[in-house]
Amino acid sequence: MGRLPTRGVWSLGAQRLALPGPLRPPGPRGSWGSGNLAAYEADRLKFLIQAKDQFGPAVRFGPRTTILFAPAAVASVLRATEDFVISENFLQRRLSVAEQAEGRSLRAVLSPGLRLPALGQVPAVVDRHLVPAVDRLGPAWFDPLPVMESVISGAVAELYFGADGASLPAMLAELLDELSRVIGNPFALPERWSSPLRRRIEARHELLRAEVERLLAARLDAPRGAIDDVATGVISRAGSRHSLSRVADMVIGSLLASQRVPAAAASWLLMTLADHPRVQDQIAAEMWSLQSVQCPASRTDPVVARRAVLEVLRLYPPTWLLVRTASRPVEVAGYSFAAGHHFMISPYVQHRDADVFVDPAMFRPERWIQPPHGPGQYLPFGGGVHVCPGRHLATGILIAIAQGLTTRYRIIRTPAQVIPNPRTTLLPDGLRTALRPAGDRSDQLPALAGVSSPR
């Protein structure tokens, strides 16, 4: 049993009378046998929102799992370097303490290359992949997720490896498709158990790692200044401190994160812009204005597009759930927990706190004129020591997509209900969009059997 929490202590003059507080947070009782897992799996987002409403800032999910909603507790867990860790890698393989420490060191190698203005070429690279992709669509209705995934993965591979990275998006997609069968699946077999799926994952990972190692080695041997891309900076900063295979795995993890997660964000962005044509016009007008100004610095501050992106990420954070594991006995939110206890944090729920975000269900980009949030309240890229190193790149890509589309097209969508699907990444189930020339303001929409025109 951990030590009692410090709350529940009365002071009587010079005496202190200690009254034992609760040993664990409150929470739903769940059903016999499966606990809260069945209710959670039935509707994950609804379960989390109701848990917060009914039980407050810390909620017991199970004997070894607690859901945190209190912003101060969330921030403290995410900020701690060694007390709360990510215990698995992108292959869902448990990491040793030494591997966790090396992972933090490798993040320091990766992060500088993914910061703006080092990525000032992002708009041009995104355009090279976006324009032909959407031109091929014509006026037809389409699911934006695979289109955006192709555009973004191609752009990121080019930023990392230039033209040498052209083969990587397909290999990454194959690995991610297999991983999606186990990520977030409570019924998946443990990683240590061999199965056909696990063997396919391992085989695809080995092929991909061999290719990334080859590309990294070529940059390691190249004369200084001969190649200018993200991977060259990564391998030069890594030096001899890390093996080539470890650096390759770090790069693969980063590239995997640039597949479905930003594609989901871009899909939610298209949906939201389709619902707000005036914002489309504002982003396009801002883009034309920035291009007409001669000062290059103006190109780096598209405030209208940035606010729209930040607000979409608030409403629909693709990484809707974060998990941290206590590496030692800890006290969180007034409760004591043993080593190995898991903490669930939901950016989706945090972003809907009406005490922080006025009208939290509404799309209001203007709220970002003066950001209203504090620590632990806005977490589209996580937070603390494990904050996403590619957050600047992802934001820049989403801004470039918004600019590239709104200056060329009017984005529209069907009126069908779109359901947030949190099975892995938060995906917009049921979303269908279409593009028409930006100058066309008619009500004539592309034909879609069985679907009426949006109003």
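Sequential numbering of the sequence shown, starting at 313, is according to the numbering used here. Idealized CB from N, CA, C, for every residue including glycine.
Inset, instruction - Would you kindly check if the distance between the Cβ of residue 378 and the Cβ of residue 655 is under 8 Å? - result: yes
Legend entry - Cβ-Cβ distance between residue 734 and residue 457 below 8 Å: no
Inset, instruction - List the endpoints of the continuous beta strand (DSSP E) containing residue 370. - result: 370-374
Inset, instruction - Using the DSSP secondary-structure output, state which residues sit across from residue 566 in a beta bridge. - result: Looking at the DSSP assignment, residue 566 forms no beta bridge with any residue, so it has no partner.
Legend entry - Test item: CB-CB of residue 390 and residue 708 under 8 Å: no
Legend entry - Nearest residue (CA-CA) to residue 574, options 617, 585, 621 and 535: 621
Inset, instruction - Have a look at the DSSP bridge pairing and note the partners of residue 647. - result: 644
Inset, instruction - Count the C-beta pairs between the stretch 674-687 and the stretch 398-412 that are closer than 8 Å, then say yes if the count reaches three, no if not. - result: no
Inset, instruction - With DSSP collapsed to three states, give me the class of residue 655. - result: strand
Legend entry - Three-state class that DSSP yields for residue 381 in the structure shown: coil
Legend entry - Those runs of the alpha helix (DSSP H) which lie wholly inside the stretch 505-587 and span at least 4 residues: 508-533, 542-550, 556-569 and 572-587
Legend entry - Complete runs of the alpha helix (DSSP H) confined to the stretch 451-503 [at least 4 residues]: 456-473 and 480-491
Inset, instruction - Please state whether DSSP places residue 697 in a helix, a strand or coil. - result: helix
Inset, instruction - Measure the beta-carbon distance from residue 710 to residue 455 and round it to whole angstroms, keeping in mind my assumption that it falls under 8 Å. - result: Going by Cβ atoms, the distance from residue 710 to residue 455 rounds to 18 Å, so no, they are not a contact pair.
Legend entry - Own chain partners of residue 749 with C-beta closer than 8 Å, once the 5 adjacent residues on each side are dropped: 720, 721 and 722
Legend entry - DSSP-derived helix/strand/coil call for residue 408: coil
Legend entry - Residue(s) in a DSSP beta bridge with residue 741: 731
Inset, instruction - Just mark residue 383 as buried or exposed, buried being the case when its beta carbon has 16 or more other beta carbons within 10 Å. - result: buried
Legend entry - Close Cβ partners of residue 347 (< 7 Å) along its chain, the five nearest in sequence each way excluded: 374
Inset, instruction - Determine the burial state of residue 437: buried for a count of at least 16 other Cβ atoms within 10 Å of its Cβ, exposed for fewer. - result: buried
Inset, instruction - Have a look at residue 365 and residue 670 and give me their C-alpha separation to the nearest angstrom. - result: 17 Å
Inset, instruction - Return the chain-ordered list of same chain residues with a C-beta closer than 6 Å to the C-beta of residue 718, the five sequence neighbours on each side being excluded. - result: 592, 595 and 596
Legend entry - Contact check, residue 628 vs residue 580, beta carbons under 8 Å: yes
Inset, instruction - Look at the Cβ atom of residue 572, then the Cβ atom of residue 395, and state whether they are nearer than 8 Å. - result: no
Legend entry - Beta-carbon proximity check, residue 351 vs residue 342, cutoff 8 Å: yes
Inset, instruction - State yes or no: is the C-beta of residue 794 within less than 8 Å of the C-beta of residue 402? - result: Coverage of the chain is limited to positions 313 through 767, which leaves residue 794 absent and any answer about it impossible.
Legend entry - Reference residue 338, options 363, 349, 359 and 672, closest by Cα: 363
Legend entry - Buried or exposed (CB count within 10 angstroms, at least 16 for buried), residue 739: buried
Legend entry - Enclosing beta strand (DSSP E) for residue 637 [first to last residue]: 634-638
Legend entry - Exposure label - residue 727; buried when at least 16 CB within 10 Å: exposed
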